[in-house]
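Visitor: Per the working numbering, residue -5 is the first one in the sequence shown, and the count goes up by one each step.
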Amino acid sequence: MKLSEFAKRRCQLMRMMGRDAIAILPAAPVRKRNADTEYPYRQDSDFHFLTGFPEPEAVAVLLPGRAEGEVILFVRDRDPTREMWDGLRAGPEGAVERYGADDAFPIADIDDILPGLLESRSRVYYTMGLHPEFDQRVIGWVNGLRAQAKQGMHTPQEFVALDHLLHDMRLYKSREEIAAMRQAAAVSVTAHERAMRLAAPGVTEYQLAAEIVHEFHRNRGVSAYEPIVGGGANACILHYRENAQPLRDGDLVLIDAGCELDYYASDITRTFPVNGRFTSAQRALYDVVLEAQLAAIEQCRQGNHWNDPHDAAVRVITQGLVSLGFLSGKVSKLIKEGAYREWFMHRTGHWLGLDVHDVGDYKVGDAWRVLEPGMVLTVEPGLYVKPGCRRAPKEFRGIGIRIEDDVAVTRSSPEVLTGALVKSADDIERFMAARS
Ligand code: GLY
Ligand code: MN
Ligand code: MN
């Protein structure tokens, strides 16, 4: 992503904040795994969105209208010994030269410098509750100033939720962001294809997961979330992550895995036969989910509401459950009663972006949000029939199916970012038959 893209976002935010405000954002903390080992570092999405700065122990400060510079970064100082152990640091100089800050200081000096920056501002834009230790420091800086108020010191009067503005900005993806999301999606498509090529009776769920993660990593990506690989009835556990079992002949396998590339997530689910051929029961259930998914994607159009894709999916799923003998009665009544929920118990999608479950409100007041160009969402209906489910016809018990794609709302037709991956039962069978 170009520096100018980050600068544009900061400008937009500062325009909304007004000149008497200050925004403060901390970088994500390093998280310890155990002893001397840390989890792989991932920058906080809001912090990344505004700075592109990838290091921990950093704080970004935005000061709209400040003559000496509006964008300040506090960052780790250069340190030859620490850099020998842990890797290079940008340092304050690099923060200005390589990341476009107007000014940058060592993070160790923040207690001395930040109160002076807060002093002339009335409103503090800050996201409370995300990093409790940092919350305390921000409150400490403001209280320190308030204690001096009697000496005529101007102090901030108001804390304002920064995430409110920022998350609405993040909901509308720019052309550059959509381009980044297409690339993340393309890697995920190849990864799923690799898993389809490898799948066979006796291959384990973790081997398919490894195949997928290998493809992410060899393209400079990481997993946007822990891959889910569920053979047979494991597909009915929505967040199944053990990925520990061998795949069985005659079963389906559900794979929900997505690559994060350059901070942008993708999120794909495909469900396919381990041996390459659907049974007639599997195909019947699959076709219901697929029809529901296609109907939902069709609703991802500007001017429609957030809930329209879900409503479309529910309609097709309920009709399908009646046709296949799960339910009987009038479809409209069954929908009203939520009769489908026993087998389709989750929503049809979520916003997608820097986070896999991305930020952005789903409702404005009481009304579902209107879909607009630049919004990206997943469309992922499913049907999950537990092995012991007596309310389901026997032949469907133990089958779990989800089909998930990433969809960008445009001025015209929905753009399916993950559309290159085979999806219809016929196309999946053809793909698997053609494996060498
Ligand atoms: N992989 C998480 C989800 O589909 O929501
Ligand atoms: Mn999803
Ligand atoms: Mn998913």
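Virtual Cβ for every residue (Gly too), placed ideally from N, Cα, C.
Please output, in chain order, the residues near ligand 1 using a CB cut-off of less than 7 Å to any non-hydrogen atom of the ligand.
Guide: Tyr219, Ile222, Asp250, Gly252, Asp261, Thr263, His344, Val350, His351, Thr372, Glu374 and Glu398
Visitor: Am I right that Val308 and Tyr334 are in contact with their C-beta atoms under 8 Å? What's the rounded C-beta distance?
Guide: Mapped onto the sequence shown, residue 308 falls at position 314. Mapped onto the sequence shown, residue 334 falls at position 340. With 8 Å as the limit, Val308 and Tyr334 qualify as a contact, their Cβ atoms being about 6 Å apart.
Visitor: Would Thr372 and Glu398 be called neighbours here (beta carbons separated by less than 8 Å)?
Guide: Sequence index remark: in the sequence shown, residue 372 carries index 378 (1-based). Sequence index remark: in the sequence shown, residue 398 carries index 404 (1-based). The answer is yes: Cβ separation under 8 Å.
Visitor: With 16 other CB atoms within 10 Å as the buried threshold, where does Leu82 fall?
Guide: Counting from 1 along the sequence shown, the entry for residue 82 is found at position 88. By the neighbour-count rule (16 or more Cβ atoms within 10 Å), Leu82 is not buried but exposed.
Visitor: Check the C-beta distance from Phe68 over to Val90 and give it rounded, since I have them as a contact under 8 Å.
Guide: Position 74 of the sequence shown, counted from the start, is the residue given in the question as residue 68. Position 96 of the sequence shown, counted from the start, is the residue given in the question as residue 90. Their Cβ separation, rounded to whole angstroms, is 12 Å, which puts Phe68 and Val90 out of contact at 8 Å.
Visitor: Can the beta-carbon of Val353 be found closer than 8 Å to that of Trp345?
Guide: Mapped onto the sequence shown, residue 353 falls at position 359. Mapped onto the sequence shown, residue 345 falls at position 351. For Val353 and Trp345, yes; Cβs fall inside 8 Å.
Visitor: Starting from the C-beta of Val310, find all residues in its chain whose C-beta is less than 6 Å away, skip the five residues before and the five after it, and write them out in chain order.
Guide: Along the sequence shown, read from residue 1 onward, the residue named residue 310 stands at position 316. The answer, listed in chain order, is Glu285, Ala286 and Ala289.
Visitor: If we count the other Cβ atoms within 10 Å of its Cβ and call it buried at 16 or more, is His304 buried or exposed?
Guide: On the sequence shown, position 310 is the one that residue 304 refers to. Buried: at least 16 other Cβ atoms inside 10 Å.
Visitor: Evaluate contact between the stretch 236 to 243 and the stretch 252 to 262, counting only Cβ atoms and requiring at least three cross-stretch pairs below 8 Å.
Guide: no
Visitor: Is the beta carbon of Glu205 closer than 8 Å to that of Val181?
Guide: Residue numbering aside, residue 181 sits at position 187 when the sequence shown is read from its first letter. Residue numbering aside, residue 205 sits at position 211 when the sequence shown is read from its first letter. No, the Cβ-Cβ distance between Val181 and Glu205 is not below 8 Å.
Visitor: If contacts are defined as beta-carbon pairs under 8 Å, then Ala227 and Gly394 qualify, I think. What distance do you get, rounded to the angstrom?
Guide: Within the sequence shown, the letter at position 233 stands for residue 227. Within the sequence shown, the letter at position 400 stands for residue 394. Right, the Cβ-Cβ distance comes to about 7 Å (below 8 Å), so this counts as a contact.
Visitor: Ignoring anything shorter than 4 residues, give me the alpha helix (DSSP H) runs that lie fully in the stretch 292 to 320, in order along the chain.
Guide: 302 to 317
Visitor: Taking the CB atoms as reference points, tell me whether Lys167 and Val370 lie closer together than 8 Å.
Guide: Position 173 of the sequence shown holds residue 167. Position 376 of the sequence shown holds residue 370. Going by C-beta atoms, Lys167 is nearer than 8 Å to Val370.
Visitor: Any chance you could list the beta strand (DSSP E) runs of at least 3 consecutive residues sitting entirely within the stretch 140 to 197, in chain order?
Guide: 152 to 155
Visitor: What does the alpha-carbon distance come out to for the pair Ala61 and Met78?
Guide: Locating residue 61 in the sequence shown gives position 67, where the first residue counts as 1. Locating residue 78 in the sequence shown gives position 84, where the first residue counts as 1. Cα to Cα, the separation comes out at about 38 Å.
Visitor: Ordered along the chain, which non-local residues of its own chain (more than five positions away) have a Cβ less than 6 Å from that of Tyr219?
Guide: Sequence index remark: in the sequence shown, residue 219 carries index 225 (1-based). Result list for Tyr219: Val350, in chain order.
Visitor: If contact is defined by three or more beta carbon pairs under 8 Å, each pair taking one atom from either stretch, is the stretch 122 to 133 in contact with the stretch 312 to 331?
Guide: no
Visitor: Taking the CB atoms as reference points, tell me whether Ala414 and Val183 lie closer together than 8 Å.
Guide: Counted from its first residue, the sequence shown places residue 414 at position 420. Counted from its first residue, the sequence shown places residue 183 at position 189. If you check the CB distance, Ala414 and Val183 come in under 8 Å.
Visitor: Taking contact to mean at least 3 C-beta pairs separated by less than 8 Å, is the stretch 187 to 201 in contact with the stretch 375 to 389?
Guide: no
Visitor: Would Ala307 pass as an interface residue toward chain B - the criterion being a Cβ-Cβ separation below 8 Å?
Guide: No chain B appears in the structure shown, which is made up of a single protein chain.
Visitor: Which value, in whole angstroms, describes the spacing of the CA atoms of Gly323 and Gly270?
Guide: On the sequence shown, position 329 is the one that residue 323 refers to. On the sequence shown, position 276 is the one that residue 270 refers to. Gly323 and Gly270: Cα-Cα distance of roughly 35 Å.
Visitor: Assuming Ile7 contacts Ala17 (C-beta within less than 8 Å), just tell me the rounded distance between them.
Guide: Stepping through the sequence shown from its first residue, residue 7 is reached at position 13. Stepping through the sequence shown from its first residue, residue 17 is reached at position 23. Residue 7 is actually Leu in this sequence, not Ile. Rounded, the Cβ-Cβ distance is 7 Å, consistent with contact.
Visitor: Quick check on DSSP: helix, strand or coil for Asp106?
Guide: To locate residue 106, count along the sequence shown from 1; it is residue 112. In the structure shown, Asp106 sits in a helix (DSSP, three-state: H, G or I).
Visitor: Could you have a look at Phe272 and say whether DSSP puts it in helix, strand or coil?
Guide: Stepping through the sequence shown from its first residue, residue 272 is reached at position 278. Of the three classes helix, strand and coil, the one that applies to Phe272 here is coil, per DSSP.
Visitor: Have a look at Leu411, Met(-5), His233 and Pro58 and flag the residue whose alpha-carbon is nearest the alpha-carbon of His340.
Guide: Position 346 of the sequence shown, counted from the start, is the residue given in the question as residue 340. That would be His233, whose Cα lies nearest to the Cα of His340.
Visitor: Among residues of its own chain, excluding the 5 on either side of Gln293, which ones have a beta-carbon nearer than 8 Å to its beta-carbon?
Guide: In the sequence shown, counting from the first residue as 1, residue 293 sits at position 299. Excluding positions up to five away in sequence, the list reads Asp302, Pro303, Asp305 and Ala306.
Visitor: Using C-beta distances below 8 Å, list every residue in its chain close to Glu152, excluding the 5 sequence neighbours before and after it, in chain order.
Guide: The residue you call residue 152 lines up with position 158 of the sequence shown. Cβ within range, chain order: Ser116, Arg117 and Val118.
Visitor: At 4 residues or longer, what runs of the alpha helix (DSSP H) sit wholly inside the stretch 66 to 145?
Guide: 74 to 80, 85 to 91, 104 to 112 and 126 to 141
Visitor: In the structure shown, what three-state DSSP assignment does Glu389 receive?
Guide: To locate residue 389, count along the sequence shown from 1; it is residue 395. Helix, per DSSP.
Visitor: Straight-line CA distance for Asp103 to Arg70?
Guide: On the sequence shown, position 109 is the one that residue 103 refers to. On the sequence shown, position 76 is the one that residue 70 refers to. Asp103 and Arg70: Cα-Cα distance of roughly 10 Å.
Visitor: What do you get for Thr326, buried or exposed, if any count of 16 or more other CB atoms within 10 angstroms of its CB means buried?
Guide: Taking the first residue of the sequence shown as 1, we reach residue 326 at position 332. The question names Thr, but residue 326 in the sequence shown is Ser. Exposed, by the Cβ-count rule.
Visitor: Below 8 Å on the Cβ atoms is my guess for Leu165 versus Asp40; work out the distance and round it to an integer in Å.
Guide: Start at 1 with the first residue of the sequence shown, and residue 165 comes out as number 171. Start at 1 with the first residue of the sequence shown, and residue 40 comes out as number 46. Contact doesn't hold; Cβ gap of about 13 Å is too wide.
Visitor: Within its chain, find whatever has a CB closer than 6 Å to the CB of Ala275; leave out the 5 residues flanking it on each side and keep chain order.
Guide: Within the sequence shown, residue 275 is the residue found at index 281, counting from 1. Within the same chain, Ala275 has close Cβ partners Glu389 and Phe390.
Visitor: In the DSSP assignment, the alpha helix (DSSP H) including Glu331 goes from what residue to what residue?
Guide: Here the question's residue 331 lines up with position 337 in the sequence shown. Run containing Glu331: Val325 to Glu331, per the alpha helix (DSSP H) assignment.
Visitor: Does DSSP put Phe43 in a helix, in a strand, or in coil?
Guide: Taking the first residue of the sequence shown as position 1, residue 43 is located at position 49. If DSSP states are grouped into helix, strand and coil, Phe43 belongs with the helices.
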